[in-house]
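Residues in the sequence shown are numbered from 1 upward in steps of one, following the numbering used here.
Glycine included, C-beta positions come from ideal geometry on N, C-alpha and C.
Bear in mind the structure is a predicted one, so any value in this text is a computation, not a measurement.
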Amino acid sequence: MALLFSFVLSVSPARAQNVLGSKELNVPATLVAESQQVQAGQSVTLAFVMTPKPTWHGYWENPGDAGIGMSFDWKLPDGVTAGKARYPVPDTLLISGIMNYIYKGDYAVLVNLVVSEKVQPGLLPISVKSEWLACTDEICVPEQDELSINLEVVGPDAAVSLNNAFNAYREALPRQLGSQATFDVENDMFRLSVPFPADVAVSKPYFFIKEDGVVDYAAPQTVNRDGDRLIIETGARGDALDTISGVLKIGSNMGFSLKATSGDVAMTGIALSNSDGGSGGGQSQANLLLVALGGAIVGGLLLNLMPCVFPILSLKAISLAKAGGDETVVRRDALAYTAGVIVVATALGGLLLALRASGAAVGWAFQLQDPRIIFVLLALVTAIGFNLAGLFELPNLNFGNKLTQKDGASGSFWTGALAAFVATPCTGPFMAAALGATIVLPPIAALIIFAGLGVGLALPFLLIAFVPAIRNRLPKPGAWLDSFRKIMAIPMFLTGIGLIWLLGRQIGTDALGLSLVFLLIVTITLWWFGGGQLKGLSRGAVTTAALVVAVLAGVWALPGEEAMDSQKVATASSATLPSEPFAEARLSELRAAGQPVFAYFTADWCITCKANEAAAVQRQETADAFAAANVAVLMGDWTRPDPAISKFLEKHGRAGVPLYLYYAPGKDPVILPQILTVGTLTDLVTQSEFAANAH
């Protein structure tokens, strides 16, 4: 019956309007704005809030075998444009072999309106004529309504109040998966391979395709789990497309929006039951959050042992030494330090999630892929190093005496903030899985994990502050403190040297030379400021202005992306273990040829990566073993942004580097630990050869 009415509607629009007449709507719509006020140059979200009567339902944008999606005929003022409608995750309805994609309860369809900068303040009338289909299991009625709402364009300083109901509307939308899926149509079968972490639970998974004519909607869908992939198989209708899109539903009102390109897909893995998608260990999202949070806290704790964090910890060590075991001071500073760490770790995580939601393929430590941020960090570390060495003193801070409460807490907060920022290039045990879980968890849960990473990083100082047995072992302040402070300048300068090397790797030696000129200006300015302090002169305002100009000029002088690309360092072929640049196409080619493959993903700013390369990867024993077994080596360099590598990391549940994979011929990849030894790598070859001989 639904199919009959949708057919009548599609061939006779005029008749469809007559069917409605003046009757009360069965799926009435209300047009609501997230804010009645909007600023020129900004956007505002509108919601078509649909409230079906009992037994009635509406349709998704692709209704399936029968039905009609919503249409929108906008009447907008000049300078206002409407975006594409965004629909919540739908449900299925199968009647007499006809599959429909529907909404049984209340739902909201969201549309963004963009207001041009040229629109003047004042009233902004919005109207739209919308048509949709309302159905029960027995009858369908085409419906329409003309909806309108008056918005107000306000100035840039005007207050804008938001409708909190839109939080729930957005929660019902599918999240962006971020990784590229692959589909294949062969022998009347459609298969879709979706990157999806193995430890994330799914319940009654189902793929809703947006393009019509590709799949048989009524055909049952079989879902297999193969490691970090979900593979969906169903009947095909035979239309050949290069790309498709759709929504993968993984639970009640939960789903991911994805895009897929044509490729080879095999139905491998273990079949999931219709009632539960499984998760390897049956984890729910709540359990996943708890496990990931624990991993983040332990991983953050272990970051304190990483070389990249130690220089910043030296600042905190000086603070503790000055406190000399004073319970009030130590606890105050520890809490302030913890607050700084958590705020920055959470803020970086929030920015990472926002960039992913906007479609950018980024991962943890994304900010250090930008040479401008590295230059600013280099200037900051250099200034801290010279301050510790005694070249100058920070205003209102006296390292020889006890700090005031305000200065001490403030200094500890910013020390924690800097520690969290500098710690991001480091990854260690427990961190990879924890940060990988943020890819699929809801945003609030993901932010909790990022905050947990900060708690772990600050945990040693919290223990010192709140465990008397540890705190009482702190040395008392004395003359030794000034010498200790100067010694702590050494790791700061070593960090500066590392940043200079990293900057050179990213922008080339010519541009590096120019940036070092500006760094020299920063150093001379600080020396001049310190000299004035010795003479009792106030040079703070001039020094601050000069430093701001020097840093901004250095950032401005750094090359753009095109110049950076031309400076890419090609050292892989001359390394002890030669490699090719990573590409998924090359990986597929090597695997199809039956050749074993070792793929590793690294970055120049990743201390763990460099340590593994020195200790295990770039060793002659490893190179000899790989050469004897004809192992192809692919290296993914993530020093600078690379969307292809970012998406590949997400496929394997990783938000950052390092990642080490070994592909034995005809086998699924083995994910290696984040701390490597020569034996770890050479044993891979030995085990593969033994298995091949036994077979």
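Secondary structure of residue i, DSSP reduced to three states
i              : result
threonine 639  : coil
glutamine 39   : strand
leucine 272    : coil
glutamine 120  : coil
lysine 210     : coil
serine 566     : The predicted position of serine 566 is uncertain, since its pLDDT is 47 and thus under 50; a value taken from the coordinates is nonetheless stated next. Serine 566: helix per DSSP, three-state reduction.
leucine 676    : coil
threonine 686  : helix
threonine 222  : strand
glycine 594    : coil
glycine 456    : helix
leucine 681    : helix
leucine 447    : helix
threonine 544  : helix
valine 343     : helix
glycine 255    : strand
proline 52     : coil
arginine 505   : helix
alanine 599    : strand
valine 381     : helix
glutamate 393  : coil
lysine 249     : strand
asparagine 163 : coil
glutamine 618  : coil
proline 442    : coil
aspartate 145  : strand
Those residues which DSSP pairs with residue i across a bridge
i                 : result
phenylalanine 135 : Residue 135 is actually cysteine in this sequence, not phenylalanine. BP columns for cysteine 135 point to His57, Cys140.
leucine 46        : Ala33, Val111
asparagine 150    : Pro125
isoleucine 487    : DSSP output for isoleucine 487 lists no bridge partner at all.
tyrosine 337      : Looking at the DSSP assignment, tyrosine 337 forms no beta bridge with any residue, so it has no partner.
leucine 94        : Met99
valine 715        : Here the chain has residues from 1 to 695 only, and residue 715 is not among them.
leucine 230       : Val194, Arg225
alanine 702       : Past the boundaries of the shown model lies residue 702; the chain is included only from 1 to 695, so the question cannot be answered.
phenylalanine 72  : Ser130
leucine 634       : Glu580, Ala599
arginine 175      : Phe256
methionine 189    : Glu186, Gly235
Cβ-Cβ separation, residue j to residue i (assumed contact under 8 Å), whole Å
i                : j                 : result
leucine 147      : alanine 29        : 6 Å
valine 631       : valine 670        : Contact flag wrong, Cβ pair sits at about 13 Å.
isoleucine 126   : leucine 162       : Not confirmed; about 17 Å, so no contact.
alanine 550      : phenylalanine 518 : 5 Å
alanine 172      : asparagine 62     : With 8 Å as the limit, alanine 172 and asparagine 62 do not qualify as a contact, their Cβ atoms being about 17 Å apart.
phenylalanine 72 : valine 141        : That pair is no contact at about 19 Å.
aspartate 65     : tyrosine 217      : 5 Å
From the options, residue whose alpha carbon lies closest to that of residue i
i              : options                        : result
threonine 495  : Trp528, Gly536, Ala419, Ala557 : Ala419
leucine 447    : Val49, Ala296, Thr346, Pro665  : Thr346
leucine 248    : Leu230, Gly263, Thr261         : Leu230
proline 665    : Gln595, Leu192, Glu24          : Gln595
arginine 331   : Leu661, Leu462, Phe392         : Leu462
threonine 602  : Val298, Arg175, Asp637, Leu537 : Asp637
isoleucine 507 : Pro52, Leu123, Phe375          : Phe375
valine 657     : Lys610, Ala629, Gln618         : Lys610
proline 468    : Val38, Tyr217, Thr328          : Thr328
alanine 409    : Arg654, Ile497, Ala334, Ser588 : Ala334
glycine 255    : Gly531, Val89, Gln221, Leu110  : Val89
valine 44      : Gly69, Thr382, Ser116          : Ser116
alanine 336    : Ile250, Gly411, Ala201, Ala271 : Gly411
alanine 627    : Ala644, Leu649, Phe598         : Phe598
alanine 629    : Tyr662, Leu558, Pro197         : Tyr662
glutamate 233  : Leu241, Ala201, Gly269         : Gly269
alanine 165    : Glu621, Ala108, Val215         : Ala108
leucine 110    : Lys53, Ile95, Arg170           : Arg170
isoleucine 500 : Gln221, Leu681, Leu378, Gly67  : Leu378
Proximity test, residue i beta-carbon vs the ligand FMN heavy atom, cut-off 6 Å
i             : result
glutamine 674 : Here there are no bound small molecules, and the ligand FMN is not part of this structure.
Task: the region 54 to 71 / the region 128 to 144 touching (three or more Cβ pairs under 8 Å) - done: Touching, yes, given that three or more Cβ pairs across the two stretches are closer than 8 Å.
TODO: Pair every Cβ in the region 254 to 274 with every Cβ in the region 182 to 198, then say whether three or more of these pairs are closer than 8 Å.
DONE: Verdict: yes, contact present.
TODO: Determine, using beta-carbon pairs with one atom in the region 334 to 346 and one in the region 450 to 458, whether at least three such pairs fall under 8 Å.
DONE: Taking 8 Å as the limit for Cβ pairs, the verdict is that the region 450 to 458 does touch the region 334 to 346.
Open item on the list: Under 8 Å: do the region 209 to 216 and the region 165 to 180 share three or more Cβ pairs, one atom per stretch?
Closed with: Verdict: no, contact absent.
Open item on the list: Under 8 Å, with one C-beta from each stretch per pair, do the region 633 to 651 and the region 537 to 545 reach the 3-pair mark?
Closed with: Flag = no, the region 633 to 651 and the region 537 to 545 do not touch.
Open item on the list: So, does the region 151 to 162 touch the region 33 to 47, judging by three or more C-beta pairs under 8 Å?
Closed with: A contact exists between the region 151 to 162 and the region 33 to 47.
TODO: Pair every Cβ in the region 115 to 123 with every Cβ in the region 89 to 102, then say whether three or more of these pairs are closer than 8 Å.
DONE: They do not touch, by the three-pair rule.
- [ ] Report yes or no: do the region 480 to 497 and the region 383 to 393 share at least 3 C-beta pairs separated by less than 8 Å?
- [x] With a cut-off of 8 Å, the region 383 to 393 and the region 480 to 497 count as touching, because enough Cβ pairs lie within range.
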